[in-house]
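Quick notes on the structure that follows.
2 protein chains.
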Amino acid sequence: MTALPRSCEMCVVRNRAVCSVLDGEELSVLNRIGRRQTLAPGQSLYWEGDDALLVGNVLEGVLKLTTSLSDGREQTVGLVYPSDFIGRPFGNTAGHSVTALTEARICTFAQSDFERFAEDHPKLEHKLYEKTLTELDRAREWMLLLARKSASERIATFLLEMSDRLRASGCAPLPGTLDRFELPFGRQQIGDVLGLTIETVSRRLTALKREGIIDLEGRRGIVIVDRAALEDQAQAGE
Amino acid sequence: MTALPRSCEMCVVRNRAVCSVLDGEELSVLNRIGRRQTLAPGQSLYWEGDDALLVGNVLEGVLKLTTSLSDGREQTVGLVYPSDFIGRPFGNTAGHSVTALTEARICTFAQSDFERFAEDHPKLEHKLYEKTLTELDRAREWMLLLARKSASERIATFLLEMSDRLRASGCAPLPGTLDRFELPFGRQQIGDVLGLTIETVSRRLTALKREGIIDLEGRRGIVIVDRAALEDQAQAGE
DNA sequence: CGCCAGGTTGAGCACGATCAAAGAGCGTGG
DNA sequence: CCACGCTCTTTGATCGTGCTCAACCTGGCG
Chain A
7 MTALPRSCEM
17 CVVRNRAVCS
27 VLDGEELSVL
37 NRIGRRQTLA
47 PGQSLYWEGD
57 DALLVGNVLE
67 GVLKLTTSLS
77 DGREQTVGLV
87 YPSDFIGRPF
97 GNTAGHSVTA
107 LTEARICTFA
117 QSDFERFAED
127 HPKLEHKLYE
137 KTLTELDRAR
147 EWMLLLARKS
157 ASERIATFLL
167 EMSDRLRASG
177 CAPLPGTLDR
187 FELPFGRQQI
197 GDVLGLTIET
207 VSRRLTALKR
217 EGIIDLEGRR
227 GIVIVDRAAL
237 EDQAQAGE
Chain B
7 MTALPRSCEM
17 CVVRNRAVCS
27 VLDGEELSVL
37 NRIGRRQTLA
47 PGQSLYWEGD
57 DALLVGNVLE
67 GVLKLTTSLS
77 DGREQTVGLV
87 YPSDFIGRPF
97 GNTAGHSVTA
107 LTEARICTFA
117 QSDFERFAED
127 HPKLEHKLYE
137 KTLTELDRAR
147 EWMLLLARKS
157 ASERIATFLL
167 EMSDRLRASG
177 CAPLPGTLDR
187 FELPFGRQQI
197 GDVLGLTIET
207 VSRRLTALKR
217 EGIIDLEGRR
227 GIVIVDRAAL
237 EDQAQAGE
């Protein structure tokens, strides 16, 4: 884990987070109202139903957004990577919990401070809007997966998306081929994302390995051996 | 169906659509770049994968957003009511089809015209942003439903949400109690929204009627007889 | 009256959940 | 260095919900 930078100027996500639309002047104002913090794996930033008083950017690590039913059933409704935005400005209570899956570094703002700043900077709000639209698109694609795809299709889709997003968010892939990476979490988490049980996840992964489409390295290592076959199984939408 | 108003000033959704943040001056500019149109039930505004060149507001009626897999499996990923916004500004291709479920009146804009207008009117973009955040919250709640809820719970949740949204969007409820309304579509559509088959929807609805929790009037009429019991079955989140 | 689309009901099946047990990886301490 | 204990994963056996396939019913309309 690299040292925290003193200013936003040299931030690892400077060019990809919402801050990318701000100039040096604006950035230093934002810098003053924010603070950086580190979360341990499993640590939550806030809980479903809380007044969500924080918003922020992910600098490093992966976090999950979860909703649950009163009887304990839980669903991961979003994964958040470096440069993604956390939280819901202009809202009251949080619709989901935010929990770190890996060790994570984030830079946070009091919701009210951030809102005030955003109101004066339409460029920033525009960027936020675009990020939210992308999130909405992703959520809807995931609805199709949860509602209509079989367990095998879900696993295949998940592995492909994981591979893409890890790469895009700057998480270093494992050495070797591009299609070799480390999952930031275990089987249970995969199940929570895909709406499956841990056993089903395990069985489908082993099946994919048996078929020679992927390879499993230790608990969390994944190698996509035959990407075409995996895409085939994923049944990508139209 | 009421006559189309000539200007935005007297529009039925004037106070609830994104236009609500604009003053008379701005509104008349917007008015000039927009056009009103009517869709018949089943008619699509655009298709998944199209270049989505249109955006707009729903004035009257209900539309659905759907995604599908190449083998024909289809999922409704959103329902759109009067005063809701349709389309994705600042994007390329549509992630879903937009189809009218009932006869619908909408006011549309060329995407590029609208974007240009929005860039000059941060207030408008702010309103759009808030609407998108609400949509995202709803999508995530629906993910929980699709991934974790049983068929009975889905039906119960659906009936409650339907009742609320129809009322909120100004669609007149049937006379009698407040909890009496007409579904804007048939059993197949319910299945497409809930990720269930038509047979399961039918069975669950009949069961609810047998238990005295709801009453079915003709093909599309619903009366919520025992709202508390229905809420109980819906297993609302935390 | 007959047709047809949409809805209901029934019987059997399959996929994934559940319950249960054994295996693998890993840090700790003797 | 290995034994121990813990967590996470894999594998197996059984069960149950909702899907599939198929027949029948209902209401609206020509």
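Here the protein sequences line up with chains A and B, keeping their order. Note that the working numbering has the first sequence beginning at 7, numbered continuously upward. Note that the working numbering has the second sequence beginning at 7, numbered continuously upward. Beta carbons are placed, not taken as given, at the ideal position from N, Cα and C, and that holds for glycine. Given the structure is predicted, the values throughout are model-derived calculations rather than measurements.
Among the CB atoms of chain A, none fall inside 8 Å of the CB of residue 28 of chain B. Interface residue (Cβ-Cβ distance to chain A less than 8 Å): residue 193 of chain B is not classified as such. The three-state reading of DSSP puts residue 172 of chain A in helix, counting H, G and I together. Contact note: residue 61 of chain B does not reach chain A at a C-beta cutoff of 9 Å; the least C-beta distance is about 12 Å. Where residue 186 of chain A is concerned, the enclosing beta strand (DSSP E) starts and stops at 186-188. Membership of residue 64 of chain A in the beta strand (DSSP E) is indicated by the continuous run 60-66.
Excluding its 5 nearest sequence neighbours in each direction, residue 240 of chain A has C-beta neighbours in its own chain below 7 Å: 159, 162, 163, 166, listed in chain order. At the C-beta level, residue 81 of chain B and residue 198 of chain B come within 8 Å of one another.
Flagged as an interface residue toward chain B: residue 73 of chain A, by a C-beta distance shorter than 8 Å. Remark: fewer than three beta-carbon pairs, one from each stretch, lie closer than 8 Å, so the segment 26-44 of chain B and the segment 194-208 of chain A are not flagged as touching. Taking all protein chains shown into account, residue 126 of chain B has fewer than 16 neighbouring C-beta atoms within 10 Å of its C-beta and is therefore exposed. Against chain A, a Cβ distance below 7 Å from residue 145 of chain B picks out 142, 145, 146, 149. Out of A:24, A:220, A:231, the CA that lies nearest to the CA of residue 92 of chain A is found in A:24. Ranked by Cα distance from residue 141 of chain A, the first of B:173, B:123, B:97, B:172 is B:97.
Residues of the segment 87-100 of chain A whose Cβ lies closer than 7 Å to any Cβ of chain B, in chain order: 94, 96, 97.
Across the segment 150-173 of chain A, CB contacts with chain B closer than 8 Å involve 150, 152, 153, 154, 155, in sequence order along the chain. With its beta carbon less than 8 Å from one in chain B, residue 128 of chain A belongs to the interface. A Cβ-Cβ separation of about 12 Å leaves residue 109 of chain B out of contact with residue 88 of chain B under the 8 Å criterion. Residue pairing by DSSP places residue 27 of chain B in no beta bridge whatsoever.
Shown here, residue 104 of chain A sits in a strand according to DSSP, grouped into three states. Proximity of chain A to residue 81 of chain B at the Cβ level (cut-off 8 Å) is accounted for by 149, 150, 153, 154, in chain order. Listed in chain order, the positions of the segment 105-139 of chain B with a beta carbon within less than 7 Å of a beta carbon of chain A are 128, 131, 132, 134, 135, 136, 138, 139.
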